[in-house]
Amino acid sequence: MTGTDTGALVRQLVDGGHLPAAWVDAFRRVDRAAFLPDRIWVRAADGYEPVDRTAEPEQWRELAYSDQALVTQVDDPPGTAGATAARTPSSSASMPRVVATMLQALDVRPGQRLLEIGAGTGYNAALLSARLGSEQVTTIEVDPALADRARAALGAAGHRPAVITGDGAVGWPANAPYDRVIATCAVHDVPRAWIEQTAPGGLIVLPWGTVLRNGVLLRLTVEYGSDGAVACGPVVGDSAFMWLRAQAPERDVMAVIQGEADSGRTRLDPGFLGDDDAWFAAGVLVPGCQWVVGPGPGGEWTLWLTDSTSGSWASVDYEPDATEYEVRQRGPRLLWNELEAAHAWWVRAGRPARTRFGLTVTSAGQRVWLDHPEKVIAADPRE
Ligand SMILES: C[S@@+](CC[C@H](N)C(=O)[O-])C[C@H]1O[C@@H](n2cnc3c(N)ncnc32)[C@H](O)[C@@H]1O
19 MTGTDTGALV RQLVDGGHLP AAWVDAFRRV DRAAFLPDRI WVRAADGYEP VDRTAEPEQW
79 RELAYSDQAL VTQVDDPPGT AGATAARTPS SSASMPRVVA TMLQALDVRP GQRLLEIGAG
139 TGYNAALLSA RLGSEQVTTI EVDPALADRA RAALGAAGHR PAVITGDGAV GWPANAPYDR
199 VIATCAVHDV PRAWIEQTAP GGLIVLPWGT VLRNGVLLRL TVEYGSDGAV ACGPVVGDSA
259 FMWLRAQAPE RDVMAVIQGE ADSGRTRLDP GFLGDDDAWF AAGVLVPGCQ WVVGPGPGGE
319 WTLWLTDSTS GSWASVDYEP DATEYEVRQR GPRLLWNELE AAHAWWVRAG RPARTRFGLT
379 VTSAGQRVWL DHPEKVIAAD PRE
């Protein structure tokens, strides 16, 4: 069900069980449409197509009050390199139920100070300002035009949080310490600044991903010890956010596919990546591995794996009802072998759900664990 005003959107979220009672009032007081640009983008067959408020006012309004993520900026409009639709969103108004889920995970209390990374439209900052008071909220946006727009929309709606134009990876020390930090862009390497600007016992809610799978939602608690600030916490759900710009993976996954490869056979169905839990574990255990699916030689599909850092690639041709599949790999990394080993680990571990994993971040690096912070399954040292 969709409607064309704030009340209808709130009813939809409440009826769906997506909006916790503590946030209903803030969602009622903030008009999502007031934060959207006149041009928004919706999914089309080969990317995103614009919907303009003046040309298609009813469709625009319906989308504004729908429980959908709306792309609000693209960095390759149609016509770029011959494309008929935009392919790369660079900002969006997140899906309202995801906004609500993240705010619930943030567990805010009156009087708390909060930092948001990725102001985007300003809608989330408006919700936080409505709940906590503008003076408690700082939000950072890397894109100056977006930051200006968000500041103006917030002001017009009567909210005056600090809207900082800059790189959210360094936080905003001037207003620290924060009781809560929320990122609305995904990271793999959790920036130290977010942790060090969080008060003892404070929470960081962030979308976290690997280049294989973006991603999950983490809730980290910050504690201070003899080695400085440590953030640790579990996966609390799923999230698929655009990346913090400096951590965005290589866009052209296929650019790495060059040269001769060794061929072989595998008994593992490449469709195992369709299982979200296996896919998550594989992303953790096979760092730096990207994937794309393309047409296969027999009319089915081929899974391509690439690592742009080492120039390694692999492909696996899927065939229905087969018990073995054709593999090609070119090193130095044997990406399919690594993926097979990751899958075997996941099966041996009892096929754990992704919500059984968690992350610990110290000044020495970050560690992914299963069930308990002591049970580390992968570690990334910090450079
Ligand atoms: C999904 S949108 C955020 C949605 C936003 N919270 C809202 O309520 O509309 C992600 C935003 O993160 C911003 N972003 C990406 N990298 C960033 C960085 N390094 N620092 C600050 N913002 C960044 C993008 O420009 C984009 O506007």
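Oh and the sequence shown: position 295 is 313 in the working numbering, straight run, nothing missing.
Backbone N, C-alpha and C define an ideal beta-carbon position, used for all residues, glycine too.
Reference residue 49; option with closest CA among 244, 355, 175 and 219: Nearest option by C-alpha distance: 175.
Alpha carbon of residue 131 to alpha carbon of residue 329, nearest angstrom: Cα to Cα, residue 131 sits roughly 45 Å from residue 329.
Residue burial classification, residue 381 (beta-carbon count within 10 angstroms, cutoff 16): Exposed, because fewer than 16 other Cβ atoms sit within 10 Å of the Cβ of residue 381.
Complete beta strand (DSSP E) runs within the segment 293 to 328 (minimum length 3 residues, chain order): As far as the segment 293 to 328 is concerned, its whole beta strand (DSSP E) runs of at least 3 residues are 308 to 313 and 319 to 325.
Nearest neighbour of residue 323, chosen from 339, 317 and 300 [CA to CA]: Per the Cα distances, 300.
Host alpha helix (DSSP H) of residue 275 (start-end): From DSSP, residue 275 is part of no alpha helix (DSSP H); its letter is neither H nor E.
Reduced DSSP category for residue 121 - H, G, I as helix; E, B as strand; rest coil: Correct three-state label for residue 121: helix.
Start-to-end residues for the beta strand (DSSP E) that takes in residue 335: For residue 335, the uninterrupted beta strand (DSSP E) segment begins and ends at 330 to 335.
Residue 320 CB to nearest heavy atom of ligand 1 below 7 Å: Outside the cutoff, so no.
As assigned by DSSP and simplified to three states, the class of residue 72: The answer is coil: DSSP assigns residue 72 none of H, G, I, E or B.
DSSP-derived helix/strand/coil call for residue 259: Judged by DSSP in its simplified three-state form, residue 259 adopts coil rather than helix or strand.
Close beta carbons around residue 55, own chain, < 6 Å, minus the five adjacent residues each side: The residues are 90.
Continuous beta strand (DSSP E) assignments of at least 3 residues falling wholly in the segment 156 to 210: Within the segment 156 to 210, the complete beta strand (DSSP E) runs of at least 3 residues are 180 to 183 and 196 to 201.
For residue 291, three-class secondary structure by DSSP: Correct three-state label for residue 291: helix.
Per DSSP, cross-strand counterpart(s) of residue 375: DSSP lists 388 as partners of residue 375.
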